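Protein chains in written order, with this note's numbering: chain D, 1 to 440; chain X, 1001 to 1160.
Reviewing the structure listed below.
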Amino acid sequence: MEKILLPDIENLHLIDVYISNGGYEAAKKAFTQTSDDIIDQVKKSGLRGRGGAAFSAGLKWSFMPKTTDKPKYLCVNGDESEPGSFKDRQIFEINPHQMIEGTIITCYAIGAKTAYVYIRGEYHKWIRLLQKAIDDAYEKGFIGKKMKETFNTDFQCDIYIHKGAGAYICGEESSLMNSLEGKRGYPRVKPPFPAQNGLWGCPTTINNVETIANVPKIIEKGWEWFSKIGHPKHPGTLLFGVSGHVNKPGVYELPTGTLLTDIIYKYAGGVPNDKKILCVIPGGTSMPPLRGDKLEGVKMDAESLKEAESAIGTGGVIVMDEDTDLVKVLARIAHFYHHESCGQCTPCREGTGWLEKILKRILAGNGSTSDLELLITVANQIEGNTICALGEAAAWPVKYMVERFRYYFEARVNDEVSLPIANKVHSMRETSYPLADVKK
Amino acid sequence: MEFKFTEENLTRIEQEVKKYPERKPAVMAALYLAQEQNGYISNEVIKEVADVLGITAEDVLGVVTFYTMYHQKPMGKFHLQVCTNVSCMLRGGYEIWDQVKDKFGIENLGITEDQNFSLEEVECMGSCGTAPMIAVNEDYYENLTNEKVEEILESLKSTN
């Protein structure tokens, strides 16, 4: 299968190699068409966002107002902080110019004169790599003032990198915009949506790095070509990042709709020591986990995973073998979301803390059966009651892990004892109250 | 302690400012530069950043306390960041965390007496496919084993 994003071409990160392999031709082609044509093609190609929500990219672009006095902005989201996701860094390292070319085309399509690539602060190395690629593209006249001669167009755009500083939440689009404005990265209430009221109150589109990197190939080879790859409702390839208990962890570019079992066994080399799989998280830690005995036939695309009652997320596949301590895993996940909650919404700020405390209590051997109900209750009270999707991200893994591995969690808690209400309340406190001792 | 940006850093901040339609967004870059120059973000640093960018010290403080990569106390010459999130944990992240902790006898966000090493338990660094990992200042060390960690730490020690 042909790879769209990470082709096997040596030194593709160098601008001359990229150009000699047909690089920046798609941008030249794009400038011979109208911006509406470009949006139309991307819409028809069926390209969906690769950042987690899998929303139609062309449709998102079409929300941008055609006539406005305000400047328009494009943000390319390279915050990549979802545990289990490590795909965007491959693009920065291996094929940065395709992302830059995609950014130029997208800017033209939506009428943005400035694009910001938001990259997480920890990615020092990849920021340097991308900055070098951007500098080279400026020098060759693909970005900035020289675009007029290079592309024979009146359109001109600039691309800047904005370095984050360690906050998972900044991958959420409205939080990303606040962070870019030099503020605390608090998510904003929607509506208004970014296309109406984004960066500095101006129309803004936010796309994931991987989404943007697909754009040049769609323009070059046509939307029909792209729409025929993989699952018809979620076409293209995805960068699957496989981690955890597999022999060959890494990023694999495969068509959407590839069998999850193929990804694990055929590409990632199977599980060490041929152990059985207990659990798989298919798209980064915030997605509902799948049981190891229910992986047969599960396909990796947005539609199929919805049927399997999970979601594609960022395509970060985390594999756990039969000897994994799921309580420890879930407690670690809960700790992450508690740590990363921005603190704006009470259900998330407090709820994520409770989830972590209860799970740590179970991990310490002091949980009771009612704690399992409590976990689900707390998760349900977070879900849907927050400004941004971190609420769901924190609630889903807990809710679905406990529901789908009920037997596993039941084996780790003590039988419920009949306690007065006061004790029940006490059991929610931070101190892990030794319920087992009370029973005696 | 008094803090003033060097001329070079002031120039770099002005370059950052040019990216944006206003001065405020350069606060994140300015704080990185200040941290590089001063070692950590002190109250004096916050005031200087605010003055240079024409924003309030409260604006700057808000940013400093929101993001984990700005430190409000001195960190070691080598800041060791160990990821213990799920993908690393499944491949021995906690073993490495314990190893580093024991070697230097410091806890999370602690610093050795000679100020050479500090330690931080970090969230997912995007090294899941090459787990477990440690970041030393800006550099990633990946696909680690306890032996490799020992080697890295020893070589850092000897570069002092």
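Ideal Cβ placement from N, Cα and C applies to all residues, glycine included.
In this text, all values refer to a predicted model and were calculated from it rather than measured experimentally.
Kindly say whether residue 339 of chain D, judged by its beta-carbon, lies nearer than 9 Å to any beta-carbon of chain X. Any Cβ of chain X closer than 9 Å to the Cβ of residue 339 of chain D would place that residue at the interface, and such an atom is present.
Using alpha carbons as the reference points, say which of X:1011, X:1158, X:1147, X:1035 lies closest to residue 1075 of chain X. The residue with the shortest Cα to Cα distance from residue 1075 of chain X is X:1035.
Is residue 410 of chain D near residue 377 of chain D, with beta carbons less than 9 Å apart? It is not a contact, given that the beta carbons lie outside the stated cut-off.
Name the residues in the stretch 174-205 of chain D whose C-beta lies less than 8 Å from a C-beta of chain X; which are they? In summary, the residues of the stretch 174-205 of chain D whose CB is separated from some CB of chain X by less than 8 Å are 179, 180, 181, 182, 183, 184, 185, 200, in the order they occur in the chain.
For residue 249 of chain D versus residue 1130 of chain X, is the C-beta spacing smaller than 9 Å? Judged by beta-carbon spacing, residue 1130 of chain X lies within the 9 Å limit of residue 249 of chain D, meaning their Cβ atoms are closer than that value.
Going by DSSP, what residue range makes up the alpha helix (DSSP H) through residue 1009 of chain X? DSSP places residue 1009 of chain X in the uninterrupted alpha helix (DSSP H) bounded by 1007-1017.
DSSP beta-bridge partners for residue 282 of chain D? Bridge partners of residue 282 of chain D: none, in fact.
Return the chain-ordered list of same chain residues with a C-beta closer than 6 Å to the C-beta of residue 392 of chain D, the five sequence neighbours on each side being excluded. Shown here for residue 392 of chain D: same chain residues with a beta carbon closer than 6 Å to its own, the five before and five after excluded, namely 383 in chain order.
In the DSSP assignment, find the beta strand (DSSP E) that holds residue 1141 of chain X and state where it starts and stops. That run of the beta strand (DSSP E) goes 1139-1141.
For the beta strand (DSSP E) containing residue 1081 of chain X, list its first residue and its last residue. Where residue 1081 of chain X is concerned, the enclosing beta strand (DSSP E) starts and stops at 1078-1083.
Which residues does DSSP list as the beta-bridge partners of residue 316 of chain D? In DSSP, residue 316 of chain D forms a bridge with D:241.
Would a check of beta-carbon distances place residue 6 of chain D closer than 9 Å to chain X? Output row for residue 6 of chain D: interface = no.
Given a cut-off of 9 Å, decide if residue 1070 of chain X and residue 1041 of chain X are closer than it, judged by their beta-carbon atoms. By the CB criterion at 9 Å, residue 1041 of chain X and residue 1070 of chain X fall inside the cutoff.
Local conformation of residue 348 of chain D per DSSP, three classes: In the structure shown, residue 348 of chain D sits in a helix (DSSP, three-state: H, G or I).
Within 10 angstroms of its Cβ, does residue 217 of chain D collect 16 or more other Cβ (buried), or is it exposed? Residue 217 of chain D is buried by the Cβ-count criterion.
Could you spell out the range, first to last residue, of the beta strand (DSSP E) harbouring residue 205 of chain D? Looking at the DSSP string, the run of the beta strand (DSSP E) that includes residue 205 of chain D is 204-208.
Could you list which residues in chain D have their beta carbon closer than 9 Å to that of residue 1047 of chain X, in chain order? For residue 1047 of chain X, no chain D residue has a C-beta closer than 9 Å to its own C-beta; the minimum C-beta separation is roughly 16 Å.
Counting only beta-carbon atoms, is residue 162 of chain D nearer than 9 Å to chain X? So, interface residue.
Extent of the continuous alpha helix (DSSP H) run through residue 1093 of chain X: Taken as a continuous stretch (DSSP letters only), the alpha helix (DSSP H) holding residue 1093 of chain X covers 1093-1104.
Would you say residue 123 of chain D lies against chain X (beta-carbon separation less than 9 Å)? It does; some Cβ of chain X falls within 9 Å.
Per DSSP, cross-strand counterpart(s) of residue 300 of chain D: Paired residues: D:258.
Neighbourhood of residue 270 of chain D by C-beta distance below 8 Å, restricted to the same chain and skipping five residues each side: 246, 247, 264.
Output, in chain order, the set of chain D residues within a Cβ distance shorter than 7 Å of residue 1066 of chain X. In chain order: 167, 184, 185.
Could you give the DSSP three-state label for residue 338 of chain D: helix, strand or coil? Here residue 338 of chain D sits in helix by DSSP.
Residue range of the unbroken alpha helix (DSSP H) whose run includes residue 150 of chain D: In this chain, the alpha helix (DSSP H) harbouring residue 150 of chain D covers 147-151.
Residue range of the beta strand (DSSP E) that includes residue 114 of chain D: Where residue 114 of chain D is concerned, the enclosing beta strand (DSSP E) stretches over 114-119.
Closer than 8 Å between beta carbons: that is the criterion. Which residues of the stretch 239-258 of chain D meet it against chain X? For chain X, the residues of the stretch 239-258 of chain D that bring a beta carbon within less than 8 Å of one of its beta carbons are 241, 242, 243, 244, 245, 249, 250, 251, in chain order.
Residues of its chain near residue 56 of chain D, where Cβ-Cβ distance is below 6 Å and the 5 sequence neighbours each way are ignored: Here the set comprises 48.
Looking only at C-alpha atoms, which of D:41, D:162, D:2 sits nearest to residue 223 of chain D? Each of D:41, D:162, D:2 was checked against the Cα of residue 223 of chain D, and the nearest Cα belongs to D:41.
Listing by chain order, which chain D residues have their CB less than 8 Å from the CB of residue 1133 of chain X? Those do not exist, as residue 1133 of chain X stays about 10 Å from chain D at its closest Cβ, beyond 8 Å.
Alpha helix (DSSP H) containing residue 1038 of chain X: first to last residue? Run containing residue 1038 of chain X: 1027-1038, per the alpha helix (DSSP H) assignment.
I'd like to know if residue 316 of chain D contacts chain X, where contact means its C-beta is closer than 9 Å to some C-beta of that chain. True, the Cβ-Cβ gap to chain X drops below 9 Å.
At least one CB of chain X closer than 9 Å to the CB of residue 360 of chain D: is that the case? Chain X has no Cβ within less than 9 Å of the Cβ of residue 360 of chain D.
Reducing DSSP to helix, strand and coil, say where residue 1071 of chain X ends up. In the three-state reduction of the DSSP assignment, residue 1071 of chain X falls in the coil class, being assigned neither a helical nor a strand state.
With DSSP as the reference, label residue 97 of chain D as helix, strand or coil. Residue 97 of chain D: helix per DSSP, three-state reduction.
Residue 39 of chain D at chain X interface by Cβ criterion, 9 Å: With a threshold of 9 Å between beta carbons, residue 39 of chain D makes no contact with chain X.
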